[in-house]
Every structure is written in C-alpha cells, then in structure tokens.
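Protein chains in written order, with numbering that gives the first Met the number 0: chain A, 0 to 399; chain B, 0 to 399.
2 protein chains.
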Amino acid sequence: MNETPGAERFADLKRREQTTNPQSEIVHFPASEPLPLDCGGALAPLSIAYQTYGTLNAEKSNLILICHALTGDQHAANLHPITGKPGWWDTMVGPGKSIDTDRYFVLCPNVIGGCMGTTGPSSINPETGRAYGPDFPVITVRDMVRAQARLLDHLGIDQVLSVIGGSMGGMQVLEWAATYQDRVFSAIPIACAARHSSQNIAFHEVGRQAVMADPEWCEGRYLDEGKSPRKGLAVARMAAHITYLSDLALHDKFGRNLQDREKVTFGFDADFQVESYLRHQGMSFVDRFDANSYLYITRAMDYFDIAADHDGVLANAFAGTKTRFCIVSFTSDWLFPTEESRDVVHALNAVAANVSFVEIESNKGHDAFLLHEPELFDTVRGFLSAAARHRGVKLPDEGA
Amino acid sequence: MNETPGAERFADLKRREQTTNPQSEIVHFPASEPLPLDCGGALAPLSIAYQTYGTLNAEKSNLILICHALTGDQHAANLHPITGKPGWWDTMVGPGKSIDTDRYFVLCPNVIGGCMGTTGPSSINPETGRAYGPDFPVITVRDMVRAQARLLDHLGIDQVLSVIGGSMGGMQVLEWAATYQDRVFSAIPIACAARHSSQNIAFHEVGRQAVMADPEWCEGRYLDEGKSPRKGLAVARMAAHITYLSDLALHDKFGRNLQDREKVTFGFDADFQVESYLRHQGMSFVDRFDANSYLYITRAMDYFDIAADHDGVLANAFAGTKTRFCIVSFTSDWLFPTEESRDVVHALNAVAANVSFVEIESNKGHDAFLLHEPELFDTVRGFLSAAARHRGVKLPDEGA
C-alpha cells in the first residue's frame, strides 16, 4: 500500500467534495421535516442525492427505482465523478439495455448513511456545525427505504413500475415491498435475503474492527482531526471482497499465478496475482468511500431481518401484496446462497403472491449481479417488459 | 477490545517467556549445524521445542509424530502454559484415546517460524543479538518438515509409525510423505490439500495486511520498540476464524441471537453473540501468539504446492511410496474442501499407493478436526491399530 501521502490527501479531498457538493441532482428536506428513524431518533435536515436516466412519461408510470449495494452509490450508469469509470450497473442500465432508458425513467438515489451527497456520518451535524462522525444515528434498511419514499413523494411518484437491486439493494427491494406494498408494482430482489446471516454479520464485524483498529479512525472523528483511516478501511474491503467472489472464480481468474515474476520471492510482497488484486481493491476503494459510512451501512445490513419486524413470520410481511416479484439468485453466491432466496419465495407463495424465481448458473459468486451475466440481463428485460405491459405503461414518446 | 494496557503487557511478557524459555523439552542445534532452507538461506543455531506423551518402545517403532496447524503449537495434550486450557488435541491424544498414549509414543514439535520455543521471528538473531523480526528468513512447509527430520535424527528415530495432522499439520504430513518416503510408515493428512488455493492465499493476505496496518507492528520490529500489534493481529484472527467454521455451524451456534440483551442497541457494541464471540477469539489469540509468526507461517502455507516441486505432477511426489495413507476430509470444510483431498487420493492412486479415504459428514467446518467428531476418532484409532499391526509394533510394556 505505497500510495504517496500527497495523493492520499488529494483523494480524500476529492471524495469529500462529493459528500458536500455532489455531481448529482439533490433534494434538501428542511429541518422542519425530519425523517423518523427506527432507532427512535430522526434525521433533520435531510439531503438525498440521486441520478436519473431516461424520461418520465406523462402518467409517471414508467419509473424504475434502483437501490444500490453497500459500497455502491447513485452513479449506476454514468461516469463516476471520483473514479472516472463507468457506473456500477452500466452493463444493465442504458439505451437498449435490460433496464432500457429509452423506455423507462430510472431513478437511483444514494442511501442515507452514504457518502456521495445523501445525509450520512460525514455530513454536517446541525447541532455542532461539524461532521456527525460517531454521533450519526444508527440507521436501518427500512430507514433507507423511508428516505427514498420521501424522495418519491417529492417527485410526485405514487407507485414505481419496479424497484430493483442486488445484495443490500435487494434488501431494500424486499423492504419496499413489505413496507410500501401499494407503491411497488413490481420488485426484483437479486442476490439477497430477508435477513442477514450469522456468517455475514461476522464478516461485517471483522471489517468494522479493522476500521476501528486504525488509530487514524480517531474514535470516528477523523474528519475533525484531519486524519483518514485508510489502512483499516482497505483491510475491511479486502476481507469483504473475497466474500463477493467464489472460490472457483478466484481459481479461474488467478489460481496460484505469480505477479510479474517467475518465482516466489520468499518475502511479503504480492508474489501472487490474487494478493496484488486484493491490495488494489483495498486501495482504490478508500479513494471513493468513507470509513464511517462503511460502519453504518454494514450495521444496517446486520440489523436487517424482515420477519423479526413481523412477529417472526416472513410471510406476514407480504400478506395481501399485489406486487409482482422476480427473485434472482446465483449458484456460486455463498454470501447470499440460493437457499435464502428460496425462503423468500416460500414466504411469498404462502401469501399467494405473484412470484417468479430464477437461480442463475454462474461461477462469479455474489458479484455476479454486477457482471456480465446474459441470463440475468434477459431475465430483467423480460420481467420488466411484462410488468410494463400489465401496467399498461406508455413509452415516453407515445405521448399522454 | 477493552483489555487494560497493564493486562496486555503482562500477557505479552508471559508469551515472550514461552518463546525464550518454553515449558517444553527443547533441543538446540549449534550454529555449526545450520538447517538449510528452501529460500537458499539457513537457520543457525536452531532450537526445536517439543512435547512427548507415552513411552517409546525398545524398537523405537511406536512413534507417532503430530504436526500442528497454523496457530497450534507443541502443547497437543497437556495444559497450555499460557492459557491454562487443555491442549489443542486433547480430544484425540491420551491414555485410551484414538492416539493412545498407552500404546504409542507421541511427539509434537513446535514448527520453525513459531513462537513457543522453536526458532522463529521472535528468536534472537545471532548476527544482531536482537529479535529477528522481519530479518527472519521466509520459510516453507518443507523447511518445517526438514527441521522435524533433524529432531527425529537427534532422537534416533529412523521411521515413524505414523505422521498425522490437520490443516497446515496435514500439509506437513503430505510433505513428510513426499520428501522422506522411507521414514514414514503411515500418514494421516486431515482437512488439507496438496497446495494452497487462491481463496486461501487471499484470506491470508487480508490477515497479513491487518497486522502490517497496525502502527504497533513497527515494520516488524515491535519487540525492539516495546510495542505489540495486538489490534491488527486480533482482526487477522477474527477474519481467519470465520473461515474455520461453516455457515451452518455459525447459524446453529449463534443465529441472529443477541448478546445479553433483548433488543438491538442501535450502536456498534457487540449486539449479536457472533460478534462477541469473534471479538473474544481475536483478543484471546493475541495473548498466546506472535504477530510475526503469524505472517511467516501463513506465508509458508501460501507457498505450499507439492506438485510444483515435482514438475507440476502431484503423483510424481509419491512415486514408489510404501507409506500407508489415510486421507480425511469434512463435508462442511470450505477452506479445504473434499475435492482437494480427492486430488491427493487420485495422485496416490496413480502411483498405486496404499490409500484409504474418508469424507466425514460434519457441519463443524474446517475446525472439525479439532472438535468432538466420533467418526474421526474411530477412523484414526482403527487406521493406527492396523498400521501398528502391519509393522509388528510391540507395545511399550511388552518388552524387547
């Protein structure tokens, strides 16, 4: 991890700029309209940064809400303002793509707790005039969804054509379908579960401890101190990144291949390609992500347990639903194994919901939802077309 | 991680005492007898600390060599001098147990690179008079085995009745069988592989980066500086510990159970039992293990690739072997999945070796080899008895 301190400082500033003044549309809800939170507190004021793609039709019936994952953000299908790389779902979203921006109006907000313009731990705490840091309230996935509902209110959208997302994005999709049944015409939760497993909580806890062990975390007040817990956050990312892949994917991609050398060096340099790859993943992540956001968002995922919020019975969460569901899992995803998607399907079946379920054969692990998976593309395209047809959605250029 | 600094210092001193003056038998090989290493260097002088259990018979034919895993040590079946707890294989080794110390003479040495009395990075470097630290040579599993062979020479043992171990211990078993064919009458590699996988290298790299990210690591010279990278090592241990269990084991043991509370606290305390458990694992580990030893031993495992040492063909490593093999794997071990044991079996079959293979149904994950697994106990007991019978081993009390 041999980035120069000057480059690190520059990266931190560039990232901070996106927190305070994002290259996105942004809506500010005043302190007089607090967002109530599951913890009992509230967020006020509240800002939500978001991106849109495509055109809203006159009936406002062609909106697709994209929920991003733990380390994602609102930049789903445009060049990322920090990395300069294509958006995280550029493979999925765009003209003629599965989420076809010639047909649909796509909305992707940054979650609360995030660091790309929506209110999060690096936002200014109105009570102190400084960054919240560890005084930011602990939020839940339901809080994230509640904030998004407020954004839809602001945009005048009663019901989305579809809400879609993978991993934590999928958790939000399920939460949307449970909490705002009438506002969700269709839902596509991908590579997720109705609750976070013990193993997943364990991996998150390791990541948080890695961040908190970094003395530059400064008990969460690193922004005040002019510090940055880059090393701890990089370690957290490296550990997490392994869980996003599969054993087979790593084997196929790297095996025991050496990095730019013919023999092992009998040292602690990155002899193996997989080491070099992981170090790169860790370092590039900290350039674009805030350490406290990582703590708060992983915590929100840990707390996620829809059944627990409905007397311990998952099906209760969806009783009476009219939403059309398309559940997607991947065979090699060991973070959110197919079995957990099947539990959701069973709960939906128990309330006679309209649900289709696709387990996609893939060796790419959990990250498959972000990668080139033609079967996923076809599934999403087909399901959205059917949903639009059932809803009688007119294309933007068909007029009112 | 709220241990008091005073208690931490005391724990560090207690651990250091075992490095320099272990409560074990110890043999010192003088500087005039250097141990050659795969890296091209040598270790001189060399100390090997070991424990024995039972009685060597007159023919010296009833010796069972136990090879310990990454974070194990020589204290397989006695109270541990630091933790005061039973040895790590107390379930397996003892009078009347599967490795029956009434019948066999059991030898368990601490590996080179370790921190319990055998020469490792916290030993004194004769060139400087201070701890080796990062100047310790990078070692391999074959180097560990080469040191053990020297210990057997010293004890006057030509051939062991059996060599047995799990995880990295199993790697040593395979290396013994490959490198010293004539000295191994039988071999029991458990929960291991003939090479370290890409995913396993990746997890090790995360652990090493966690240690190295701790400013108290001091570029490896923490002993000189009076520091101790406890936080980094604890994070490394936490991450590794998850990989030793199975998703199902964690679910059965902890699920989403809360720790001494009825509701989540909306904070970063250990709300969930699995978090509390992991934190405890991390903290107690650093009391008994040296951070640099962790770096060096994980590196040795990463480098392990028996086929690579034999023209890329695993079977070549065992050509002509007369050793009797018993390979054991566990169904829920995702660190060393059964498939990798099967690769070893196939290689042994290819050279017409005497091999039996047992895949044990267990939900305990990789750590199953350390836990109460009756089928493992029965397998080891039966295989050892047969080996002893075939070798014509006389019990210690049968006289010459």
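The beta carbon of each residue, even a glycine, is placed where N, CA and C say it ideally should be.
Note down, in chain order, every chain B residue with its Cβ under 9 Å from the Cβ of residue i.
| i | result |
| --- | --- |
| Val144 (chain A) | Chain B residues near Val144 (chain A): none, gap ~17 Å exceeds 9 Å. |
| Ser196 (chain A) | Asp246, Leu249, His250, Gly254, Arg255 |
| Val273 (chain A) | Ser197, Gln198, Ile200, Ala201, Glu204 |
| Asp301 (chain A) | Arg255, Val263, Asp270, Phe271, Glu274 |
Is residue i near residue j, with beta carbons less than 8 Å apart?
| i | j | result |
| --- | --- | --- |
| Val105 (chain B) | Ala238 (chain A) | no |
| Leu160 (chain B) | Thr242 (chain B) | no |
| Thr117 (chain A) | Pro108 (chain A) | yes |
| Ala186 (chain A) | Phe324 (chain A) | yes |
| Ile123 (chain B) | Ala130 (chain B) | yes |
| Met143 (chain B) | Ala68 (chain B) | no |
| Ile359 (chain B) | Glu339 (chain B) | no |
| His74 (chain B) | Gln50 (chain B) | yes |
| Arg428 (chain B) | Arg287 (chain B) | The requested residue 428 (chain B) is not part of the displayed model; chain B covers only 0 to 399. |
| Phe284 (chain A) | Ala233 (chain A) | yes |
| Gly164 (chain B) | Ile65 (chain B) | yes |
| Asp270 (chain A) | Arg260 (chain A) | yes |
| Ile305 (chain B) | Leu222 (chain B) | no |
| Thr90 (chain B) | Gly53 (chain B) | no |
Grouping DSSP H, G and I as helix and E and B as strand, with all else coil, what is residue i?
| i | result |
| --- | --- |
| Arg413 (chain A) | What is shown of chain A runs 0 to 399, which leaves residue 413 (chain A) out entirely. |
| Asn1 (chain A) | At Asn1 (chain A), the pLDDT of 48 sits below 50, so the modelled position is not reliable; the number obtained from the coordinates is stated separately. In this structure, Asn1 (chain A) counts as coil in the three-state DSSP scheme. |
| Ala399 (chain B) | For Ala399 (chain B), the predicted model reports a pLDDT of 45, less than 50, meaning its position is unreliable; a value from the coordinates is still stated below. It is coil, neither helix nor strand. |
| Phe284 (chain A) | helix |
| Thr178 (chain A) | helix |
| Ile189 (chain A) | strand |
| Arg236 (chain A) | helix |
| Glu358 (chain B) | strand |
| Asn315 (chain A) | helix |
| Tyr221 (chain A) | helix |
| Arg14 (chain A) | helix |
| Glu58 (chain A) | coil |
| Leu160 (chain B) | coil |
| Glu24 (chain A) | strand |
| Val273 (chain A) | helix |
| Asp400 (chain A) | Here chain A has residues from 0 to 399 only, and residue 400 (chain A) is not among them. |
| Leu334 (chain B) | coil |
| Asp99 (chain B) | strand |
| Phe267 (chain B) | coil |
| Gly128 (chain A) | coil |
| Val137 (chain A) | coil |
| Ile123 (chain B) | strand |
| Leu173 (chain A) | helix |
Along the alpha helix (DSSP H) that carries residue i, what are the first and last residues, could you check?
| i | result |
| --- | --- |
| Ala299 (chain B) | 290-302 |
| Pro373 (chain B) | 373-390 |
| Glu339 (chain A) | 337-349 |
| Pro200 (chain A) | In the sequence under discussion, the amino acid at residue 200 (chain A) is Ile, which differs from the Pro named in the question. From DSSP, the alpha helix (DSSP H) with Ile200 (chain A) extends over 197-212. |
| Val140 (chain A) | 140-154 |
| Leu249 (chain A) | 246-252 |
Counting only Cβ pairs nearer than 8 Å, list the residues of chain A close to residue i.
| i | result |
| --- | --- |
| Gly231 (chain B) | Ala212 |
Cβ closer than 7 Å: which chain B residues qualify as neighbours of residue i?
| i | result |
| --- | --- |
| Gly266 (chain A) | Val137 |
| Leu294 (chain A) | Phe267 |
| Ala209 (chain A) | Ala209, Val234 |
What does residue i touch in chain A if you count any residue whose Cβ is under 7 Å from its own?
| i | result |
| --- | --- |
| Phe202 (chain B) | Ile241 |
| Leu160 (chain B) | The contacting residues do not exist; Leu160 (chain B) stays about 33 Å from chain A at best. |
| Asp304 (chain B) | Arg255 |
| Cys38 (chain B) | Phe265 |
What first and last residue would you give for the beta strand (DSSP E) that runs through residue i?
| i | result |
| --- | --- |
| Leu45 (chain A) | 45-52 |
| Phe104 (chain B) | 104-108 |
Taking residue i as the query, report the chain B residues whose CB atoms sit under 8 Å from its CB, ordered along the chain.
| i | result |
| --- | --- |
| Val205 (chain A) | Val234, Met237, Ala238, Ile241, Leu277 |
| Arg298 (chain A) | Phe267 |
Take every Cβ of the stretch 12-20 of chain A, pair it with every Cβ of the stretch 276-296 of chain A, and state whether three or more of those distances are shorter than 8 Å. yes
Touch check for the stretch 217-234 of chain B and the stretch 244-256 of chain A: three-plus C-beta pairs under 8 Å? no
Can you find at least 3 beta carbon pairs, one from the stretch 22-38 of chain A and one from the stretch 145-155 of chain A, that sit closer than 8 Å? Enough Cβ pairs lie closer than 8 Å, so yes.
Three or more C-beta pairs below 8 Å linking the stretch 179-194 of chain A and the stretch 212-219 of chain A: no
Would you call the stretch 257-264 of chain A and the stretch 310-319 of chain A in contact, with 3 or more CB pairs under 8 Å? no
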